[in-house]
């Protein structure tokens, strides 16, 4: 989901994420089953990103698979930070079911970006229900802007 991408950027997003049979919804994204929210950082440092991401991680920790599917687009330099923050907040509760092995397909969150290996992308995309049946939160970066 992007609010600023032109047609060429949308094509690039679809191709770089390896999406199949993707449909563009162009218009106001506000629907009763879709919440679009743009949050501005209060600065350029770690605390500013943590201020945005920590409440999401805490809610995911509480709600587990009941947490609504959430796609978070962040610049590539923040993808790893977001993933590590969620690992820290969720601790031993980052997989579902809780006692399952700690492999990507059992995690409640995933990192997905263009520079990721093909094998990792395929692991994330291999399950139905938009990436993974248990995964509720995705950190994505596929565009070549740094904003």
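Residue numbers (this note's numbering): 1 to 147. For each residue, glycine too, the CB sits at the ideal point set by N, CA and C.
Buried or exposed: residue 22, going by 16 or more other Cβ atoms within 10 Å of its Cβ?
In the chain shown, counting from the first residue as 1, residue 22 sits at position 22. Looking at its Cβ environment, which holds fewer than 16 other Cβ atoms inside 10 Å, residue 22 is exposed.
Check residue 130 in the structure and name its three-state DSSP category.
Stepping through the chain shown from its first residue, residue 130 is reached at position 130. For residue 130, the predicted model reports a pLDDT of 44, less than 50, meaning its position is unreliable; a value from the coordinates is still stated below. Three-state DSSP puts residue 130 in coil, outside helix and strand.
Please confirm if residue 50 has its CB atom under 8 Å from at least one CB of chain C.
Although the question refers to chain C, the structure presented lacks it and comprises just one protein chain.
Does the distance from the C-beta atom of residue 60 to that of residue 85 stay below 8 Å?
By 1-based counting over the chain shown, the position of residue 60 is 60. By 1-based counting over the chain shown, the position of residue 85 is 85. Contact flag unset, no.
Would you identify the three-state DSSP class for residue 8, choosing helix, strand or coil?
To locate residue 8, count along the chain shown from 1; it is residue 8. Helix at residue 8.
By DSSP's criteria, residue 25 is part of a beta bridge. Which residues make up the other side?
Taking the first residue of the chain shown as position 1, residue 25 is located at position 25. Its beta-bridge partners do not exist; DSSP assigns none.
Keeping to the same chain, check which residues put their C-beta closer than 8 Å to that of residue 130; ignore five residues upstream and five downstream.
As a working mapping, residue 130 is identified with position 130 in the chain shown. For residue 130, the pLDDT reaches just 44, beneath the cut-off of 50, and the residue's location in the model is therefore unreliable, although a value from the coordinates is still provided. Closer than 8 Å at the Cβ level, and outside the excluded window around residue 130, lie 69.
Which word fits residue 94, buried or exposed, when buried means at least 16 other C-beta atoms lie within 10 angstroms of its C-beta?
By 1-based counting over the chain shown, the position of residue 94 is 94. With 16 or more Cβ atoms within 10 Å of its Cβ, residue 94 is classed as buried.
Taking only runs that begin and end inside the stretch 48–92, name each unbroken beta strand (DSSP E) of 3 or more residues, in chain order.
Within the stretch 48–92, the complete beta strand (DSSP E) runs of at least 3 residues are 70–73.
Buried or exposed for residue 36, please, with buried defined as at least 16 other CB atoms from any protein chain shown within 10 angstroms of its CB.
The residue you call residue 36 lines up with position 36 of the chain shown. Under this definition residue 36 is an exposed residue.
Measuring CA to CA, which of 45, 102 and 55 is closest to residue 75?
What you label residue 75 is simply residue 75 of the chain shown in a count that begins at 1. If we check each option's Cα against that of residue 75, 45 comes out closest.
Give the straight-line distance between the Cα atoms of residue 19 and residue 42, rounded to the nearest whole angstrom.
The residue given as residue 19 occupies position 19 in the chain shown. The residue given as residue 42 occupies position 42 in the chain shown. Looking at the two C-alpha atoms, the distance is approximately 33 Å.
Could you tell me which residues DSSP pairs with residue 31 in its beta bridges?
One-based indexing of the chain shown puts residue 31 at position 31. Answer by DSSP bridge pairing, in chain order: 34.
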